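Here's the structure, in structure tokens; my notes come after.
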Amino acid sequence: MHVNATALESNRRVRAKWQEKLAFYDRGDGLRSEIEGLASGFHGGKPCRVVEIFEGAFIHCFRLRFDMSDHADWLLRFHIPGDVMYPTEKIDQEVAVMKFIREKTRIPIPKVIASGRAEGRFAGLGPFIIMEFVEGERLDETLYQNDEIKPEISQSTLKFIYNQMAQIYLELFEHDFDQIVTFPHDYIKRTTIKYNLDRDVQLNTAIKSAIWDDATKKWKIKADFEGGIIENEADILVNGSGILKDENCNWDGKRVQKTAKKVVNYVRSPTWISSNYASQYTKDGKNFEYTEEQKREFREKPKVLHEMRHNIEHGFNQFFYALLNDSPQQATVHENFSEIMIRRLNGRKDLIDKLVPDWKVGCRRLTPGDGYLEAIQEVNTECDFDPILRITDKDIETVKGIEEFDIIIAATGFDVSFKPNFELIGANGRSL
């Protein structure tokens, strides 16, 4: 396996810098008190002290004891920077899996007290987990000596240990970890691998040309893959590249003031500003994060999650009837959307007459437009309904005059002529 020496050395430096902090643990710089204070903060401020420090291959641990004889010790664990990729995500995933195993299986596992990110505080030691400390011996130290099983270990002891390990595997295989909704990104990647969905997917590739060869009855395809041109052929070509790719829309490096002195919205025609899709399932009609209690219910009651997903999809599909001309559903949403827009425009007749359509819902694409109707009523914002005669790089001219601007954004729609951004030639040399 090829090892990147530069990256390896960088990781060594990161680890060394982190370990320098630990070297001052007992030198009065406050690291000990910060570590003890971190744990104490999760137990009502009750005092504790570090009684043991040990290190694994990728983790550094502090064993903490509270000044109460009936209270179990805690373990404060950090990942060692430089040895662990994405420590924050790894901590989040470990906590989710530990909670799942503790709640859904009979596998004995320590209770997680707290977890979080300690950057910028507690000596910047990084993401951490605090859990109950479990007394016992490490299995590798019990069984092995110089990478071989200790000769004094009896067959009955080995059988007992292997049976326990097998029981743990059986417990885990009884559950579908796809239901852990704490890390959906990993679920998507895992599902892709599980069903071999990425077998025929090639990323970081730009198609340069797709030309039909009348002689071989195949598509000849050229593509730019990581700076080099590759060639391929296919019996069937499906162009799913889309039509909304426009290099002129790349505004990298531009800086826009958060609050402008004046904003003018030139409006050519009214449009329906609808309610949010499936808004009955969203807090305040906007995106949000599910609470830990809701996530727990989804994990423990998969039918609840399935029912909610079904209802959302069913609601989307039912809206189809509102797009049928002269249907009762279309009349209902016409009335509802009108009421919503009038209410959000605070009864302002000057805006209602110009912005609320009189044509039927579905004639144009619906726009939820969060905050739009509220924004155009701000004191520094105005709507201009006069026809535009001319636009330059610094001003806009209407039938009533010229106004100068620092920034002009044209939101007049997209070029939907469906001309691909690569050469596409069909049968008989015809350009597509």
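Read in the numbering used here, the sequence shown has 298 at position 252, and its numbers run on one by one without any break.
No residue lacks a Cβ here, since even glycine has one placed at the ideal position from N, Cα and C.
The structure displayed is predicted, hence computed values, not measured ones.
Item, Value
"Validate contact between the segment 207 to 219 and the segment 142 to 158 using beta carbons, cut 8 Å, 3 pairs", "yes"
"Contact between the segment 384 to 401 and the segment 327 to 343 (3+ Cβ pairs under 8 Å)", "no"
"At least 3 beta-carbon pairs within less than 8 Å: the segment 253 to 261 vs the segment 462 to 478", "yes"
"Exposure label - His106; buried when at least 16 CB within 10 Å", "buried"
"N-terminal and C-terminal residue of the beta strand (DSSP E) that Arg111 is part of", "105 to 112"
"Residue interval of the beta strand (DSSP E) (run including Asp441)", "441 to 444"
"When Ser320, Lys196, Val407 are compared against Gly415, the one with the closest alpha-carbon", "Ser320"
"From Gly87, Glu443, Arg345, Pro403, residue whose alpha carbon lies closest to that of Ile147", "Arg345"
"Beta-carbon proximity of Ala62 to Leu122, cut-off 8 Å", "no"
"Where Gly87 sits in the DSSP three-state scheme", "helix"
"Start and end residues, beta strand (DSSP E) containing Ala457", "Premise fails: Ala457 is in no beta strand (DSSP E) and is neither H nor E."
"Close Cβ partners of Thr317 (< 7 Å) along its chain, the five nearest in sequence each way excluded", "Pro403, Arg410, Thr413"
"Host alpha helix (DSSP H) of Lys400 (start-end)", "395 to 401"
"Trp120 classed as buried or exposed, judged by whether at least 16 other C-beta atoms fall within 10 angstroms", "buried"
"Residue of Gly447, Phe468, Val445, Asp441 minimising C-alpha distance to Ile455", "Asp441"
"Three-state class that DSSP yields for Thr479 in the structure shown", "No statement about residue 479 is possible, as the shown extent of the chain runs from 47 to 478 and does not include it."
"DSSP bridge partner residues for Ser200 (one or two, in chain order)", "DSSP lists no partner for Ser200."
"Beta bridge counterpart(s) of Phe100 as assigned by DSSP", "Cys107"
"7 Å CB neighbourhood of Ile398 in its chain, flanking five on each side removed", "Ile388, Leu391"
"Per-residue DSSP class, three states only, for Ile422", "coil"
"Distance between Asn192 and Gly74 (C-alpha atoms, nearest Å)", "Confidence is the limiting factor: at Gly74 the pLDDT is only 49, short of 50, which leaves the residue's position unreliable, though a coordinate-based value still follows. Taking the straight line joining both Cα atoms gives about 39 Å."
"For Ser342, three-class secondary structure by DSSP", "Note that residue 342 is Arg in the sequence shown here, rather than Ser. If DSSP states are grouped into helix, strand and coil, Arg342 belongs with the helices."
"Alpha-carbon spacing of Gln326 relative to Gly447, whole angstroms", "45 Å"
"For Ile453 and Met354, the rounded distance between their alpha carbons", "44 Å"
"First through last residue of the beta strand (DSSP E) which encompasses Asp270", "264 to 271"
"Residue range of the unbroken alpha helix (DSSP H) whose run includes Ala377", "374 to 390"
"Buried or exposed by the 16-neighbour rule on C-beta atoms within 10 Å, applied to Phe362", "exposed"
"Ser477 in three-state terms, based on DSSP", "strand"
"Minimum C-alpha distance to Arg184 - residue among Lys307, Glu279, Arg436, Glu101", "Glu101"
"Separation of Lys400 from Gly459, as counted between CA atoms", "19 Å"
"Nearest-angstrom Cα separation, counted from Glu338 out to Ala160", "14 Å"
"Gly361, DSSP secondary structure in three states", "helix"
"Run of the beta strand (DSSP E) containing Glu187, from where it starts to where it stops", "Run containing Glu187: none in the beta strand (DSSP E); it sits in the alpha helix (DSSP H), 185 to 189."
"Burial state of Trp405, where buried means 16 or more other Cβ atoms lie within 10 Å", "exposed"
"Beta-bridge partners of Arg436, as assigned by DSSP", "Glu443"
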